[in-house]
Amino acid sequence: MQINSVLGPVDTADLGFTLIHEHLLIGWAGWQWDSRWEFDRANAMAKAVDLLQELKALGVSTFVDPCPMDIGRDPEFLAEASQRSGMTIIASTGLYHSEMGIPSYFHAMPEEEIAEIFIHDLTEGMGHTGIKAGIIKCATTAGHVTEQEQKTHGAAARAQVATGAPIITHTDENGPMGLAQLDIFESRGASVSKIAIGHSCGNGDIRYLLSVLERGAWLSFDRFGFGLSASDDVRVASLLGLIGLGYADRLMISHDSVSTFLAKPGGWDPAQEPSLANWKPTHIIQNIIPRLKNAGVSQEVIDTITIDNPRRYFEGSAASGNK
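Numbering (our numbering), first residue to last: 9 to 331.
Printed below as a string of structure tokens:
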């Protein structure tokens with residue numbers, strides 16, 4: 009089966025070790041009007057290429073960048089970084105959540121029209137670049153789904169039905185709305201086997217995690233190293249618990265790291281946050297996988313989570329029945 013990378017179609021069999029949720033560029037909606045900042049593209053590109061080459065040397069083959077269109081997505085940047093590094097990169101269509109995304113342009117737009125935009129990104133190309141997205145991203149705020157988020161999730165589901173592209177979500181770890189997201193997706197006919205509920209690793213609520221898995225969706229444990237919301241002890245404990253219960257075939261892992269912020273509101277600098285010292289896309293390979301092995305997780309299970317599951321997710325495979 010073939011899916012879209014930023015350099016053209018790739019076979020799912022060739023994806024290899026996949027980081028399912030990372031970012032090369034992020035810019036919160038409106039960043040481009042802050043005249044104090046200027047995007048140093050050459051420096052950001054050099055940094056991205058160095059990072060991707062380091063990941064390749066560690067065995068990573070595919071880098072999924074689910075940056076939605078409203079927070080700094082740059083298809084041409086991703087394509088150049090992929091070509092220069094040799095890393096397969098998969099880009100995203102979609103919109104972020106109401107607090108930090110979904111610009112007013114979309115507020116009066118019906119769900120069906122937003123879906124048309126997503127479908128164009130997936131089948132014709134993002135913007136006028138001809139570079140096709142391979143995944144759909146949407147997001148919710150903590151504890152509730154706003155009217156605009158309802159619309160964007162409905163549009164994402166419609167786009168999945170039309171194209172077969174998978175959906176990955178952002179959920180706030182302090183009030184995750186994965187079940188509500190699934191309700192919207194399924195009401196529009198989306199296939200749950202191609203839906204990953206993101207940021208599922210930070211709340212430690214095993215009942216919530218099991219309820220998502222019981223619906224047939226994937227859990228994306230994709231904030232390792234992000235100590236602002238939870239420690240890696242919480243993330244590892246939840247991961248080990250689910251592996252022990254037989255759910256290794258429904259889990260994917262990543263960091264949600266950002267190579268370059270296009271601007272930093274309020275001057276926030278993640279490099280100065282002690283709890284973000286390990287928030288980088290090498291962390292899982294260098295630190296988390298050794299912890300899993302020390303806890304008794306086999307290389308076969310690690311390969312299931314890092315290689316087999318991303319491939320099956322893009323293919324829309326149901327649970328393997330290993331539970």
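We put the CB at the ideal spot given by N, CA and C, even for glycine.
Cβ-Cβ separation, residue j to residue i (assumed contact under 8 Å), whole Å
| i | j | result |
| --- | --- | --- |
| LEU15 | SER90 | 5 Å |
| GLU30 | PHE71 | 6 Å |
| ALA163 | ALA198 | Rounded, the Cβ-Cβ distance is 11 Å, inconsistent with contact. |
| ILE28 | ALA204 | 7 Å |
| PHE322 | PRO174 | 6 Å |
| CYS209 | ARG243 | 4 Å |
| ASP213 | ASP264 | Not a contact, Cβ separation roughly 19 Å. |
Nearest residue (CA-CA) to residue i, options the options
| i | options | result |
| --- | --- | --- |
| SER306 | ILE251, SER267 and VAL266 | ILE251 |
| SER228 | LYS140, GLY172 and THR177 | THR177 |
| ILE315 | ILE293, ASN286, MET260 and VAL242 | MET260 |
| HIS115 | PRO282, THR96, GLU194 and THR154 | THR154 |
| SER325 | ARG231, LYS202 and MET77 | LYS202 |
| LYS55 | TRP41, ARG92 and GLY67 | ARG92 |
| ALA150 | ILE125, TRP226 and SER106 | SER106 |
| THR101 | GLY172, THR179, ARG81 and GLY94 | ARG81 |
| SER43 | ALA271, ASP277 and ILE296 | ALA271 |
| LEU300 | GLY94, LEU248 and ILE127 | LEU248 |
| PRO318 | SER69, GLU88, ASP241 and LYS64 | SER69 |
| SER239 | GLU157, ASN286, ILE293 and ALA65 | ASN286 |
| GLU157 | ASN211, GLY135 and MET185 | MET185 |
| PRO17 | ARG49, ALA87, GLU194 and ASN211 | ALA87 |
Cα-Cα separation, residue i to residue j
| i | j | result |
| --- | --- | --- |
| ASN12 | GLU181 | 29 Å |
| PRO273 | SER112 | 20 Å |
| VAL309 | ALA256 | 7 Å |
| THR131 | HIS291 | 34 Å |
| PHE85 | ILE98 | 12 Å |
| LEU23 | LEU33 | 22 Å |
| LYS288 | MET117 | 37 Å |
| GLY133 | ALA303 | 44 Å |
| ARG223 | ILE192 | 13 Å |
| ARG320 | MET9 | 10 Å |
| VAL266 | ALA279 | 11 Å |
| PHE269 | GLY35 | 6 Å |
| THR160 | GLU119 | 7 Å |
| ASP129 | GLY138 | 9 Å |
| SER281 | LEU59 | First, the residue type needs correcting, since residue 281 is Glu and not Ser in the sequence shown. Cα-Cα distance, rounded: 20 Å. |
| ALA225 | VAL200 | 5 Å |
| TRP41 | SER219 | 42 Å |
| ASP19 | HIS136 | 25 Å |
| LEU253 | GLY172 | 30 Å |
| ILE127 | GLU121 | 10 Å |
| ASP311 | PRO298 | 13 Å |
| GLY329 | GLN61 | Here the model assigns GLY329 a pLDDT of 45, short of 50, so the residue's position is not dependable and the matter cannot be decided. |
Neighbour flag for residue i against chain B, beta carbons, 8 Å
| i | result |
| --- | --- |
| ILE125 | Within the model displayed, chain B is absent; a lone protein chain is all it includes. |
Short Cβ contact (8 Å threshold) for residue i with residue j
| i | j | result |
| --- | --- | --- |
| ALA167 | ILE144 | yes |
| ARG196 | ALA165 | yes |
| ALA37 | ASP78 | yes |
| ALA141 | GLY109 | no |
| TYR104 | PRO83 | no |
| LEU217 | SER262 | no |
| LEU190 | GLY233 | no |
| THR179 | HIS152 | no |
| LEU1 | MET95 | Outside the shown range of the chain (9 to 331) lies residue 1, about which nothing can therefore be said. |
Task: Contiguous beta strand (DSSP E) assignments of at least 3 residues, all confined to the region 179-254 - done: 203-205 and 226-229
Task: 3-residue-minimum beta strand (DSSP E) runs that sit fully inside the region 265-295, ordered along the chain - done: 266-269
Open item on the list: Which runs of the alpha helix (DSSP H) at least 4 residues long sit entirely within the region 23-74? Give them in chain order.
Closed with: 49-65
Task: Segments assigned alpha helix (DSSP H), at least 4 residues, entirely inside the region 66-133 - done: 83-93 and 119-131
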